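Undergrad:
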Amino acid sequence: MAAAHHADVIVVGGGMVGAAAALALARRDFEVVLVEREPPAPLAGDDPFDLRVSALAPASIALLDRLGAWPAIRAERAALYRRMRVFDAVAPGDLTYEAAEIGRPYLGYIVENRRVQLALWEQLAGCDNVECLTGSVPQQLEVGERNARVTLSDGRAVTADLVIGADGQRSWIREAAGIGASSRDYAVAAQILSVETAYPQQDITWQRFTPDGPQAFLPLAGSRGSLVWYDAPERVRARHALSPTELRDEAIRHFPEELGEIDRVAGQAWFPIRRLHAHRYWAERVILVGDAAHSIHPLAGQGANLGFADVDALDALLGESDGHAPGAARLGRAYERRRRADNQLVQSLMDAFDWGYRRRDPVTVAARTAATQLVAGVPPLRRWMTRMAGGQRFGG
189 MAAAHHADVI VVGGGMVGAA AALALARRDF EVVLVEREPP APLAGDDPFD LRVSALAPAS
249 IALLDRLGAW PAIRAERAAL YRRMRVFDAV APGDLTYEAA EIGRPYLGYI VENRRVQLAL
309 WEQLAGCDNV ECLTGSVPQQ LEVGERNARV TLSDGRAVTA DLVIGADGQR SWIREAAGIG
369 ASSRDYAVAA QILSVETAYP QQDITWQRFT PDGPQAFLPL AGSRGSLVWY DAPERVRARH
429 ALSPTELRDE AIRHFPEELG EIDRVAGQAW FPIRRLHAHR YWAERVILVG DAAHSIHPLA
489 GQGANLGFAD VDALDALLGE SDGHAPGAAR LGRAYERRRR ADNQLVQSLM DAFDWGYRRR
549 DPVTVAARTA ATQLVAGVPP LRRWMTRMAG GQRFGG
């Protein structure tokens with residue numbers, strides 16, 4: 189058996205959430221080992237926009253700022269938005285949420301995922317108490333009375349008091365720790381189009397609900413945007429085979445006039461959508477964060493924010509631990525109490541929105557129209573919804 193290096197915490201998964209978790213722990217003077225197959229590739233200012241983008245809410249931005257990563261993210265093509273519009277393709281419902289109504293300068297920023305990851309890795313590089321193991325993947329997890337041991341496929345081994353699984357929806361750590369999960373595929377897939385538009389930089393993000401699935405516009409820096417087109421998987425696959433010009437014409441034909449003219453489609457991708465919730469967020473010496481613990485319908489763009497909220501909660505609990513070992517079961521129980529209900533609530537709300545807006549029967553259409561009118565006409569309710577649209581967490 190290979191000799192094992194010892195750390196306080198092993199973080200498996202170096203994406204946005206995993207890198208943030210590793211950095212938060214390092215800032216608390218824990219010895220951290222981060223395991224990630226490939227470090228993020230550099231991204232120059234004139235490179236094409238990354239297709240994967242996120243709408244970061246103020247709470248997520250506050251965490252990234254506290255970790256020292258936000259200035260670099262904001263300086264590189266981050267697009268601020270102050271308004272969020274939600275409207276119905278088959279009914280009169282139309283709502284616009286504005287940051288000014290709740291006394292905020294913005295509702296969020298649209299940022300490229302890889303830029304967030306890069307900024308976090310740059311901060312990690314400056315931490316003497318962080319070691320990044322790349323070029324390999326976990327192969328074995330052994331949990332003993334005194335520590336956990338992770339052995340990589342290249343033979344390297346690390347022991348630690350705590351292992352954090354931040355390795356995504358198909359988490360190896362979750363499976364290795366024997367934590368089950370409930371999951372199901374949604375009836376739609378998501379197609380992402382990176383476009384150049386005739387409009388200059390915008391400060392609004394909008395989403396139109398159609399019976400086939402939502403259509404969303406996310407502003408990017410300059411006269412650019414990201415379109416998210418939810419549709420039946422077979423139609424998404426067929427559009428994926430189109431040329432950029434044909435795809436541009438299809439988007440103009442199917443998206444609302446609010447989009448404006450599309451000059452060109454600069455890139456595209458598509459992926460299926462799955463809902464997942466782990467039966468538990470922890471096992472002996474193991475804690476799950478981000479998509480390893482929960483993934484939701486991305487129609488409101490809250491997935492990354494929920495993952496960062498997990499990190500924020502875990503960081504706060506470690507700050508309250510009074511010197512208790514990070515692998516203590518009490519930490520796992522407290523973390524799950526703090527995060528599970530919030531994640532479940534957001535997950536259920538997204539499912540309800542998806543179900544309600546996809547139905548065409550008169551009763552449901554009338555009900556959602558009435559609900560929209562209620563929110564629009566009751567200022568306290570509208571302000572609460574605006575805070576939710578801006579990513580305010582529900583607890584902890």
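First residue of the sequence shown? That's 189 in the numbering used here, and the numbers climb one at a time after it.
Even for Gly, the Cβ is constructed at its ideal location relative to N, Cα and C.
All values reported here derive from a predicted model rather than from experimental measurement.
1) Would you kindly report the start and end of the unbroken beta strand (DSSP E) that includes residue 380?
2) Which value, in whole angstroms, describes the spacing of the CA atoms of residue 398 and residue 276?
3) Applying the 10 Å Cβ sphere with the 16-neighbour rule, what's the burial state of residue 459?
4) What would DSSP say about residue 318, mapped onto helix, strand or coil?
5) With a Cβ-Cβ cutoff of 7 Å, do residue 474 and residue 351 count as a contact?
6) Would you identify the three-state DSSP class for residue 548, choosing helix, strand or coil?
7) Label residue 422 either buried or exposed according to how many other C-beta atoms from any shown protein chain fall within 10 Å of its C-beta, with 16 as the threshold for buried.
8) Helix, strand or coil for residue 584, going by three-state DSSP, please let me know.
9) Quick one: using the 10 Å Cβ neighbour count with 16 as the cut-off for buried, is residue 582 buried or exposed?
10) Does DSSP put residue 418 in a helix, in a strand, or in coil?
11) Rounded to the nearest angstrom, what separates residue 238 and residue 434 at their Cα positions?
12) Identify every residue that forms a DSSP beta bridge with residue 242.
13) Between which two residues does the alpha helix (DSSP H) holding residue 237 run?
14) Find out if the Cβ-Cβ distance for the pair residue 383, residue 413 is shorter than 7 Å.
15) Less than 7 Å between the C-beta atoms of residue 403 and residue 396, yes or no?
16) With respect to 6 Å, is the separation between the Cβ of residue 217 and the closest non-hydrogen atom of the ligand GDP below this value?
17) Determine the burial state of residue 498: buried for a count of at least 16 other Cβ atoms within 10 Å of its Cβ, exposed for fewer.
18) Could you round the C-beta distance between residue 197 and residue 220 to whole angstroms and report it? I think they count as a contact, below 8 Å.
19) For residue 199 and residue 445, I'd like the C-alpha separation in whole angstroms.
20) For the pair the segment 471-486 and the segment 347-361, tell me if three or more CB-CB distances fall below 8 Å.
21) Does DSSP put residue 565 in a helix, a strand or coil?
22) What's the C-alpha gap between residue 456 and residue 573?
23) Per DSSP, what kind of secondary structure is residue 495 in: helix, strand or coil?
24) If you draw a straight line from the C-alpha of residue 560 to the C-alpha of residue 314, how long is it?
TA: In brief:
1) Counting from 1 along the sequence shown, the entry for residue 380 is found at position 192. Residues 369-385.
2) To locate residue 398, count along the sequence shown from 1; it is residue 210. To locate residue 276, count along the sequence shown from 1; it is residue 88. Between residue 398 and residue 276, the C-alpha separation is close to 7 Å.
3) Looking up residue 459 in the sequence shown gives position 271. Exposed, because fewer than 16 other Cβ atoms sit within 10 Å of the Cβ of residue 459.
4) Stepping through the sequence shown from its first residue, residue 318 is reached at position 130. Residue 318 falls in the strand class under three-state DSSP.
5) For the purposes of this step, residue 474 is identified with residue 286 of the sequence shown, where counting begins at 1. For the purposes of this step, residue 351 is identified with residue 163 of the sequence shown, where counting begins at 1. Closer than 7 Å, so yes.
6) For this step, residue 548 is matched to residue 360 along the sequence shown. Residue 548 falls in the coil class under three-state DSSP.
7) Numbered from its first residue, the sequence shown carries residue 422 at position 234. Exposed, by the Cβ-count rule.
8) For the purposes of this step, residue 584 is identified with residue 396 of the sequence shown, where counting begins at 1. For residue 584, the predicted model reports a pLDDT of 38, less than 50, meaning its position is unreliable; a value from the coordinates is still stated below. Three-state result, residue 584: coil.
9) Here residue 582 is taken as the residue at index 394 of the sequence shown, counted from 1. Only weak support exists for where residue 582 lies, its pLDDT of 45 falling under 50; the value from the coordinates is given anyway. It counts as exposed.
10) Start at 1 with the first residue of the sequence shown, and residue 418 comes out as number 230. In the structure shown, residue 418 sits in a strand (DSSP, three-state: E or B).
11) In the sequence shown, residue 238 corresponds to position 50, counting from 1. In the sequence shown, residue 434 corresponds to position 246, counting from 1. In a straight line, the C-alpha of residue 238 is about 21 Å away from that of residue 434.
12) Sequence index remark: in the sequence shown, residue 242 carries index 54 (1-based). The beta-bridge partner set that DSSP reports for residue 242 consists of 299.
13) Within the sequence shown, the letter at position 49 stands for residue 237. Run containing residue 237: none; DSSP gives neither H nor E here.
14) Stepping through the sequence shown from its first residue, residue 383 is reached at position 195. Stepping through the sequence shown from its first residue, residue 413 is reached at position 225. Their beta carbons are under 7 Å apart, which means residue 383 touches residue 413 by this criterion.
15) Position 215 of the sequence shown holds residue 403. Position 208 of the sequence shown holds residue 396. Judged by beta-carbon spacing, residue 396 lies within the 7 Å limit of residue 403, meaning their Cβ atoms are closer than that value.
16) No copy of the ligand GDP occurs in the structure displayed, which carries no ligand at all.
17) Residue 498 sits at position 310 when you count from the first residue of the sequence shown. It counts as buried.
18) In the sequence shown, residue 197 corresponds to position 9, counting from 1. In the sequence shown, residue 220 corresponds to position 32, counting from 1. Rounded, the Cβ-Cβ distance is 5 Å, consistent with contact.
19) The sequence position of residue 199 within the sequence shown is 11, counting from 1. The sequence position of residue 445 within the sequence shown is 257, counting from 1. If you take the alpha carbons of residue 199 and residue 445, they lie about 45 Å apart.
20) yes
21) Walking along the sequence shown from the start, residue 565 turns up at place 377. Helix at residue 565.
22) Here residue 456 refers to the residue found at position 268 when the sequence shown is read from its first residue. Here residue 573 refers to the residue found at position 385 when the sequence shown is read from its first residue. Distance between the alpha carbons of residue 456 and residue 573: 31 Å.
23) Here residue 495 refers to the residue found at position 307 when the sequence shown is read from its first residue. If DSSP states are grouped into helix, strand and coil, residue 495 belongs with the helices.
24) By 1-based counting over the sequence shown, the position of residue 560 is 372. By 1-based counting over the sequence shown, the position of residue 314 is 126. Near 49 Å, if we compare the C-alpha coordinates of residue 314 and residue 560.
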